Structures are given as C-alpha cells and as structure tokens.
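When we follow the working numbering, the leftmost residue of the sequence shown carries the number 1163, and every step to the right adds one.
Ideal Cβ positions, reconstructed from N, Cα and C, are used throughout, including at glycine.
Since the structure is predicted, the reported quantities are computational estimates derived from the model, not experimental observations.
A short worksheet on the structure shown next.
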Amino acid sequence: MAAPIAALLVAGLTATACAPESSDNSGGKDEKSGTLRVWLFQEVTNTPKEKVVDSVVTAFEKAHDGVKVDVQYIPVETRAEKIKAAFNDPKSAPDLIEYGNTDTAGYVKDGGLADVTEEFTDWSESKDTDPTAKQSVTVDGKIYGAPYFVGVRALYYRTDVFEDLGLDVPKTQDELISTAKEIRQAKPDLYGLAVGGAYTYGAMPFIWANGGEIAEGKGGSYAATIDSPQARKGIKAYTSLFGDDNCPADKCAGMGGNDTVTAFASGKAAMAIGGDFSHAAIEAGKAKGKYAVVPLPGVESGDIAPAFAGGNNLGVLNSTSHRTLAVDLMEQLASKKTQSALFDAMGFLPTFTDVRQDVAKREPFVEPFVKTLGAGAKFVPASPAWSQIDASLVLPTMFQEIVSGRKDVAAASEDAAKKMNAAFSSAG
C-alpha cells in the first residue's frame, strides 16, 4: 500500500533557492548540557500528541545527564510571524522546530535552518525514508531537517445524517455541493459541509479538480495562474459553499482548517474536508462512531479531486548552541518508533515506507487517504516566495473578498495573481 504514496509526496520539491541570507549565529558553540527549547505545532486535540512527545523527552533527558527539554506548542496559523522572529533573534529562538513542508524553501533562504545533510545521511533509519518525503527537507541537494509525517485530506461525512435523510455519498463535485445544501435545508442547525475562507488547503482541491493551478514554472521562477479560467471555475465552486444555504459567510469566512474539523467533530457539520491527521480529534468528539471517510470527489463521477501533498518536518535552527543535542532529539522525535506511536495517537501517516506499510495493514481508516494519494496529489510552488504568499494570506484574502461580496471571482483572483507574482519576483 506504500507504493502509491511513495510516488506522490513532493515531486519536484527540491527548490532552486538563493543562498541563505544569514549564517551560523551560534558563535561556534555546541554545548552538551543545559536546556533545549523545542517548538511543535498545536493540534486540534493536542493531548495525544503531547503524551507521545513527553515519552520521547523523558527518555532523552534520562540518556543525557544535565539536559532539560522545554517543549512549547505554537498555533499553526501564526507560525510564520513567530518563526521569522526567532530567525531574527537567536537569543530567544528555540533549538528545534516543527515546520510545514511548504515552508522549507523559504526558511532555507532566510538562513534559519541548519544544514544537517551529514547527520541525516549517517542516521541508520534514514535509509527507509520515503524518497519523496526526503525531498520535502531538501534544497539544492542539501538536507535541512527530518520528515515528521505525511498529511493528506479527504471527505469526512456523518453516516447517521446521510441515513436519516436517505442521501447517497457524493460522487462528483456538483453532487457534493448540492448534497451539502440539501442537508442544510433539512437540518438548519448543521453546516452541510464545513468550509473556511482561511482554509487554503481545503480549497485547493476544487481548483485542481477543475484543471486549474496555483502557479506554473516560468523562466526559472514561477508565474501565478490562480486567475486562469480553470482556476476561476474551481474558486467559484468552492466559494459557492459560503452562504446561509450551507455555511454562513459571517461564521465561516474566517474559519481555517482546524475550525472546520472542530465543527465536524463537535457535531455542528455533516461533512468536512479533513486530514488523516484529523482522525484523533474527530474520534474524541461527538461524531465518534457516526462517520465515515471517502476521497473527496472530482468533477466527473469516479474521479478523486487532487489533494494537497502535505506533511510536517522537524528542523534544527542555524542559531542553536546545542547542535549535537538538537540533531539527536530531532532524530528521536522523527524516529520509526515515534512515528508509529504518533500514528496510533493522532493518525499521522509515517514517512518511513516500512512503518507506513505496517500501520496501513492494521488500521482501515487509512484506506481513503491511501486512495487519495494514489490518485495523484499536488504541491504548492516550490519557491521561497510561497512562505511569503502563505504568511500574507493572499489566497484566504481572495476567498474572503468573494464570499463577502466585496469583489467577484475575476477581480479577486486577478488581485491575488498580482500579489503572488510580486512575491515570486522578489524571491529571485
């Protein structure tokens, strides 16, 4: 089952980035004692993740006399500002961070991540890393971290609601939209399909399913294509889900991915676009035992909408004064044992091919995500500009302008394309 996944993740991600703008800020120190500071992402339901991490930290501290590990969980939505500030202020920066694979090229360009090529290559477990997952930590042939998990999204739906209303599971994008609105009409206390104006990675499959792209390579860089006719068709489909007939704009325009998952888990939505990594949160909510998951449908019956090939990595900061310890902890947190435990706790798909085969055999909920990956996933532009585009909320702003009625699809997408092209040009 791992074969189709191995073919997908970040094909072509190895970015051609400019040289890092800053160098080693550690002053040449490599201290073997003291406090290691770690920033990890806060999940919708974080306790299961904390338990896994705590067990790793306890063992690490026991094996390293005089070492303490301070773990902080930071919001994903505000990571850009916090991590950029850490790059600019080494004294307050952590030693090790979790980061999204879309941020790799930008963080390397900023000079924030340490080159750990030698240590990663010498790490005995690295040989079993999915080659495409390895690409997600690679820029210009150098390795800047360790893959932590693979993430992909599919359609969660409430089986009890569908049964009560006599509904079939949607097989096309049009059916998905009409089914969502039918549910909302029959059960006005529910969102038919929870959507978010700030949920970029939930919206992208609609754009890709309609033949659109976010951007395309041009002259060694990228040019935005978010305003193409195909992309606009997908944007129109996604934004049609905002309104009193499905997910009211005044409540849903500001929602991000975690918000939509929370709405589903808490029983406020009949459907949601969630990841394999959302499984623990939904199991812990009111929807437990009353839901199923299928791949998000494409435009034609039987098609699967291309999903964003996501996932997170762990990286050592260039400014660390505890490089050896930080690399060791990175490898422990990203190890086979830990990734298997994170799958059990959170549903995170492992980045090691052998571990992923093992978990896929024992857990049936993985199947729709494996099918989605096998159908062909897509990635964001492999440019250092993407971090800037993402942090400045170019696409969420576009969606929100449309659903608020301030701009139509053509005007909003044209403005978004201009902002993206300015970022691509400045990235070099």
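| field | Length of the line joining the Cα atoms of Ala1221 and Val1229 | value | As a working mapping, residue 1221 is identified with position 59 in the sequence shown. As a working mapping, residue 1229 is identified with position 67 in the sequence shown. Approximately 11 Å between the Cα atoms of the pair.
| Beta-carbon gap between Ser1383 and Ile1339 smaller than 9 Å | In the sequence shown, the residue the question calls residue 1383 occupies position 221. In the sequence shown, the residue the question calls residue 1339 occupies position 177. Result no, Cβ atoms of Ser1383 and Ile1339 do not sit closer than 9 Å.
| field | Counted within 10 angstroms of its Cβ, other Cβ atoms place Lys1271 as buried (16 or more) or exposed | value | One-based indexing of the sequence shown puts residue 1271 at position 109. Classification for Lys1271: buried.
| Does the pairing of the region 1198-1215 with the region 1514-1527 give three or more beta-carbon distances under 8 Å? | Cβ pair count under 8 Å is below three, so no.
| How many angstroms separate the CA atom of Ser1483 from the CA atom of Asp1192? | As a working mapping, residue 1483 is identified with position 321 in the sequence shown. As a working mapping, residue 1192 is identified with position 30 in the sequence shown. Roughly 5 Å separates the two Cα atoms.
| said: Checking 9 Å against the spacing of the C-beta atoms, do Asp1552 and Thr1422 come in under that value? | reply: Here residue 1552 corresponds to residue number 390 of the sequence shown, with the count starting at 1. Here residue 1422 corresponds to residue number 260 of the sequence shown, with the count starting at 1. No, they are not a contact pair.
| message | Determine whether the beta carbon atoms of Gly1437 and Ala1316 lie at a separation below 9 Å. | response | In the sequence shown, counting from the first residue as 1, residue 1437 sits at position 275. In the sequence shown, counting from the first residue as 1, residue 1316 sits at position 154. Closer than 9 Å, so yes.
| Status (buried if at least 16 other CB within 10 Å, exposed otherwise) for Pro1558 | Translated into the one-based positions of the sequence shown, residue 1558 becomes position 396. So Pro1558 ends up on the buried side.
| message | For a test of the three-state rule: what should DSSP assign to Ala1540, helix, strand or coil? | response | Here residue 1540 refers to the residue found at position 378 when the sequence shown is read from its first residue. In the sequence as displayed, the identity of residue 1540 is Lys instead of Ala. Shown here, Lys1540 sits in a strand according to DSSP, grouped into three states.
| field | When Thr1266, Asp1216 and Ala1248 are compared against Asn1474, the one with the closest alpha-carbon | value | Numbered from its first residue, the sequence shown carries residue 1474 at position 312. Of the candidates Thr1266, Asp1216 and Ala1248, the one whose C-alpha sits nearest the C-alpha of Asn1474 is Thr1266.
| Going by other Cβ atoms of all chains shown within 10 Å of its Cβ, with 16 needed for buried, is Pro1543 buried or exposed? | In the sequence shown, the residue the question calls residue 1543 occupies position 381. With 16 or more other Cβ atoms within 10 Å, it is buried.
| Among all the DSSP beta bridges, which residues are the ones paired with Ile1236? | Along the sequence shown, one-based indexing puts residue 1236 at 74. The partner list for Ile1236 (beta bridge, DSSP) reads Phe1203.
| query | Which term fits Pro1350, buried or exposed, when burial requires 16 or more other beta carbons within 10 angstroms of its beta carbon? | reply | Position 188 of the sequence shown holds residue 1350. Residue burial annotation: Pro1350 is exposed, with fewer than 16 other C-beta atoms found within 10 angstroms of its C-beta.
| task | Pick out whichever of Arg1320, Thr1424, Phe1561 and Val1215 has its Cα sitting closest to the Cα of Ala1578. | result | Working through the sequence shown from its first residue, we reach residue 1578 at position 416. The residue with the shortest Cα to Cα distance from Ala1578 is Phe1561.
| message | With distance defined between alpha-carbon atoms, name the residue in Lys1413, Val1478 and Ser1566 nearest to Tyr1306. | response | Looking up residue 1306 in the sequence shown gives position 144. For Tyr1306, the nearest C-alpha among the options comes from Val1478.
| Does the beta-carbon of Ala1434 have 16 or more other beta-carbons within 10 angstroms, so that it is buried, or is it exposed? | As a working note, residue 1434 is residue 272 in the sequence shown. By the 10 Å Cβ count, Ala1434 comes out buried.
| said: DSSP has Glu1319 in a bridge; who is on the other side? | reply: Numbered from 1 along the sequence shown, position 157 holds the residue referred to as residue 1319. The sequence shown places Tyr at residue 1319, rather than the Glu named in the question. DSSP lists Met1433 and Ala1454 as partners of Tyr1319.
| task | Please report how far the alpha carbon of Lys1569 lies from the alpha carbon of Ala1547, in whole angstroms. | result | The sequence position of residue 1569 within the sequence shown is 407, counting from 1. The sequence position of residue 1547 within the sequence shown is 385, counting from 1. If I take the Cα positions, the gap works out to 25 Å.
| field | When Ser1497, Ala1365, Glu1344 and Ala1449 are compared against Gly1407, the one with the closest alpha-carbon | value | Numbered from 1 along the sequence shown, position 245 holds the residue referred to as residue 1407. First, the amino acid is wrong: residue 1407 is Asp here, not Gly. The shortest C-alpha separation from Asp1407 is found at Glu1344.
| said: Just to confirm, is the Cβ distance from Val1331 to Val1456 under 9 Å? | reply: The residue given as residue 1331 occupies position 169 in the sequence shown. The residue given as residue 1456 occupies position 294 in the sequence shown. Cβ distance < 9 Å, so Val1331 and Val1456 count as in contact.
| message | Assuming Gly1447 and Ser1428 are in contact, meaning their beta carbons sit under 8 Å apart, how far apart are those beta carbons, in whole angstroms? | response | Start at 1 with the first residue of the sequence shown, and residue 1447 comes out as number 285. Start at 1 with the first residue of the sequence shown, and residue 1428 comes out as number 266. Correct: roughly 5 Å between the Cβ atoms.
| said: Taking the alpha carbon of Ala1585 as the reference point, which residue from Ala1431, Val1556, Glu1563 and Phe1282 has its own alpha carbon closest? | reply: Taking the sequence shown and counting its residues from 1, the one referred to as residue 1585 is at position 423. Here the closest residue by C-alpha is Val1556.
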